[in-house]
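Residue numbers (our numbering), protein chains in the order written: chain A, 4 to 597; chain B, 7 to 466.
For glycine and all other residues, C-beta sits at the position ideal for the given N, C-alpha and C.
Keep in mind the model is a prediction, meaning the values are calculated, not measured.
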Ligand SMILES: Nc1ncnc2c1ncn2[C@@H]1O[C@H](COP(=O)(O)OP(=O)(O)OP(=O)(O)O)[C@@H](O)[C@H]1O
Ligand SMILES: [Mg+2]
């Protein structure tokens, strides 16, 4: 292997005189602690290395050793349910509570393996060679690595327990060589894993959050970004989606954020149960953490590590959702390293390649046909933390160009404790039109009509409130007061959804559809009554109005009976006003004497 | 610390805070040095960069008056450490951990890196125990929990010092777990005037809490380079108290704005490419290395709670220092000049204030089952009040509906009776104050409360 000798060091960047050849993006081990680094520039007589750990104590003369492969992570069955650093080294060891340089790869563990191939079978990249695990519903596929030269199976282990670094299959490849496979393989983080084909997506990735699923839905394999100032709810939203969304695997990348949040997430995911599988949520989750006080350079890599892990599960035919909190910290890490290299700064000091890096990252989200012929998807959600909450800054701006959904968090809503604080007039989803068919399939046949209706109401509300500020609310005509009332109902009863309410923290599509329909019925009924001269204030005073406002908090998933009671109460309430209106026509005349 | 190597006549060149030495000794990055000039003055420094010929030392002290000839450099062979041990409480130090009170040096039981080490997220215990501060605007609406970092966003001339002192004297775990002797306070004055430091000291003395307080003082007149070190020494002491002695430690850091200024100064003198308003692009990560030192560690008894104070330049919350702080800390308590002018104490501007860990420390089994709903309802109503006030300022109060007028009255009560307080309140008193101000609103407006909650607390 090639070696090099350090000549210059400044923070996480060092220069070294090479002896032998190094490749760009090659992984290196630095010094006696074997700190992990990556070659980021090469010249004939110098390499530049970015070190992913604390570089205290390094000095000119410190040896640098090439690892002969690009910066890679080891992918295998031992990922789910665990927490790793930005380069996929386990952070779990409780013996030492501190992150210290020279973190190891972690020791091998044992898994049950059952072969799916026999000697003599043809085997190509990405094909299944066995299954791993015994627990029903948690069996993982053991696939041939994507870089395998096709060949035939020479030997394969029988069913049984094996260490994940033990050879379980020997392949004689077409070029005459032979390759030993274990349950794990290495893959370079910056290289997208190959697929047979990218597929269009006509199905939503159901998040359980009404404002997302009904107003700004995201497609399976799609991309979404959540820009918002501090404290507006990015992390809570990502965590809530991570808990309840319809995905087989969650990859949660805490990129430059708080340690306590990661601790809280781990604690909660152990306790919460996945409603789909009945098993603890942690079992479907991989956590990658580079908190804000961990080495900055590893922050840059953590995003790629995360998406590589996501692709690894996708290749097993699974639906994966990746959350990155926050992509802004990742961009800042890029900026910091770029600054140390003396590159020409662009907008706000970010390097000129910021935009293309963001594009590369979001481009790795997709719904695909895997090499093994299955369907899988990686859906990507990224938080964006704009300085001063100013959305015109470079990271927000460039991200906007590459994502299919934008959920803009509004500081004013957050301050009023209206969550999720997604601003319905600034957010969008390019996927919405394509997903109507899916909702029809769920029995919500008026989905697009109601969606449009809700959005129009909120748009009008914004306009009318500006007007109310001039003439006062009471001076407005009844029709406009009704619009305000209906918009209030949509906002409070439908869009507001507390992540911490045990009843309302998620809503299945069926519950969303029922709520949508009920609100739709109220609006229709109210308009009909208005035509008969019933003032909006009388509608607001109906007990059923308050019941509608609070149905999210009060009526649990699956309690269809109470929903139909509410429906009946609504019918009765509207009818009462209607007959009142009919009587009222008479009552307008002076009451008969006696 | 003990020098491993001493070098003479190494200094080649000095520029701003940087000193360039001939690399005639084998030393590593980030290691601490002491530079003694010909006059015998000693300054601390840190090795910031190395190449085959030169050692670049960043001086952590004022370099005015430093000459090249006759300097001696002592190399410690390891990063800067602070020797701490029993007897820390009751002492006063300068920004680099040297006693200012004429007392003896500390018995050095442990030597910790002043930069600290990141705690593994998996080794953290998520903070979830309510800490009572005595202020309703905090306890009821933005609850603080043990191990949280919750800054005060203030402005020049606002009573943040007094609030910090009141919290330091009052802070307690509910249920009267009498653990006063286990409660320690670490105060780091960063570039503050002598008066503020003295106010804090004398108040702590008056309340009898000085014996469980440690002070680290970098006064406005002290070296600005040491502003970067003062909070680090203070936090190192706090970590020792929390995680080795098992105490609950409240760290008050004031004023982080001075810290940010010092960071900008150092960055400019290194000719780095600045980010917003001249502050370095790494200010987020740098501040995080301070704030993230709050927390609890699984399996250890103590806790480190931070109450950093910063004065927002121009009262501007979007300024990089409050902005980046808000992105790191677990919420913020924002003080307001108008409320202060109206003699409301504490002048907390409730809407932009937030405690992110409140959800973990309140509710059933922690404070009161209906506490979270009450806080949410108060927030919603107060937000509506602010809109109504805007409306009233245009159309006049007469133009408002009866419901809107009830919000105006609610707003007055909210600020005057709930936020404002003449003396500390217990949690139960704060909750009562909360229900009290809601009584003025029509029941139909209380969408955030269930029928049962309304019946139990507000009557029919
Ligand atoms: N959906 C929600 N339901 C209930 N509360 C919420 C919700 N979203 C946010 N909150 C509240 O807002 C607080 C701040 O949210 P969060 O931590 O997600 O902000 P953030 O945007 O991630 O901020 P930062 O950029 O500083 O990390 C939370 O602690 C919680 O109290
Ligand atoms: Mg966050």
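Against chain A, a Cβ distance below 8 Å from residue 33 of chain B picks out 62. Counting along the chain, residue 175 of chain B sits inside the alpha helix (DSSP H) bounded by residues 166 to 176. Secondary structure note for residue 390 of chain B: it is in no beta strand (DSSP E), and the uninterrupted alpha helix (DSSP H) holding it is 377 to 401.
In the three-state scheme derived from DSSP, where H, G and I count as helix and E and B as strand, residue 59 of chain B is classed as coil. Residue 473 of chain A counts as exposed, since fewer than 16 other beta carbons sit within 10 angstroms of its beta carbon. With a threshold of 8 Å, the Cβ atom of residue 500 of chain A counts as near ligand 1, since some heavy atom of the ligand is closer than that.
The closest heavy atom of ligand 1 lies 8 Å or more from the beta carbon of residue 540 of chain A.
Excluding residues up to 5 positions away in sequence, 481, 482, 485 and 539 lie with their Cβ nearer than 8 Å to the Cβ of residue 533 of chain A in the same chain.
Per the Cβ contact rule, the stretch 302 to 318 of chain A is in contact with the stretch 89 to 100 of chain A (3 or more Cβ pairs under 8 Å). For residue 411 of chain A, the CB stays at least 8 Å from every heavy atom of ligand 1. If you draw a straight line from the Cα of residue 463 of chain B to the Cα of residue 190 of chain B, it is about 37 Å long. Proximity of residue 377 of chain A to chain B, defined by a Cβ-Cβ separation below 9 Å, is not satisfied. Closer than 8 Å to some heavy atom of ligand 2: that does not describe the Cβ of residue 366 of chain B. Non-local beta-carbon contacts of residue 408 of chain A in its own chain, meaning distances under 6 Å to residues more than five positions away in sequence, involve 219, 221, 227 and 432 in chain order. Straight-line measurement puts the Cα of residue 235 of chain A at about 15 Å from the Cα of residue 356 of chain B. Legend: CB atoms of the stretch 10 to 36 of chain B lying less than 8 Å from CB atoms of chain A belong to residues 29, 32, 33, 34, 35 and 36.
Within the chosen limit of 8 Å, ligand 2 does not reach the beta carbon of residue 370 of chain B with any heavy atom. Within its own chain, no residue has a Cβ closer than 6 Å to the Cβ of residue 204 of chain B once the five positions on either side in sequence are excluded. The stretch 510 to 526 of chain A makes contact with the stretch 439 to 456 of chain A; the number of CB pairs closer than 8 Å reaches 3 or more.
Annotated as distal: residue 303 of chain B and residue 358 of chain B, with beta-carbon spacing of 9 Å or more. Residue range 289 to 297 is occupied by the alpha helix (DSSP H) that includes residue 289 of chain B. Taken in chain order, the members of the stretch 348 to 375 of chain A whose beta-carbon sits within less than 8 Å of a beta-carbon on chain B are 348, 351 and 352.
Those residues of the stretch 405 to 419 of chain A placed with their C-beta closer than 7 Å to a C-beta in chain B are 418 and 419, ordered along the chain. The DSSP assignment places complete alpha helix (DSSP H) segments of no fewer than 4 residues inside the stretch 474 to 517 of chain A at 481 to 492, in order along the chain. For residue 309 of chain B, the pairing in a beta bridge is given by DSSP as B/254.
At a cut-off of 8 Å, the beta-carbon of residue 329 of chain A counts as near ligand 2: some heavy atom of the ligand is closer than that.
According to the DSSP assignment, residue 100 of chain B belongs to the beta strand (DSSP E) that extends over 98 to 100. Neighbours of residue 397 of chain B across chain A, judged by C-beta separation under 8 Å: 471, 472, 475 and 476.
If you compare the alpha carbons of B/157, B/455, B/209 and B/237 with that of residue 195 of chain B, the shortest gap goes to B/237.
Only those residues of the stretch 541 to 566 of chain A whose C-beta falls short of 9 Å from the nearest C-beta of chain B are listed: 543, 544, 548, 549, 552, 553, 556 and 557.
At a cut-off of 9 Å between beta-carbon atoms, residue 483 of chain A makes no contact with chain B. With contact defined as three or more Cβ pairs closer than 8 Å, the stretch 210 to 228 of chain B and the stretch 50 to 61 of chain B are not in contact. Distances taken from the Cβ of residue 399 of chain A to the heavy atoms of ligand 2 include none shorter than 8 Å. B/151 is the residue among B/151, B/370 and B/56 whose C-alpha sits nearest the C-alpha of residue 309 of chain B.
Taken in chain order, the members of the stretch 261 to 276 of chain A whose beta-carbon sits within less than 9 Å of a beta-carbon on chain B are 261, 262, 263, 264, 265, 266, 267, 268, 269, 270 and 271. In the three-state reduction of the DSSP assignment, residue 410 of chain A falls in the coil class, being assigned neither a helical nor a strand state.
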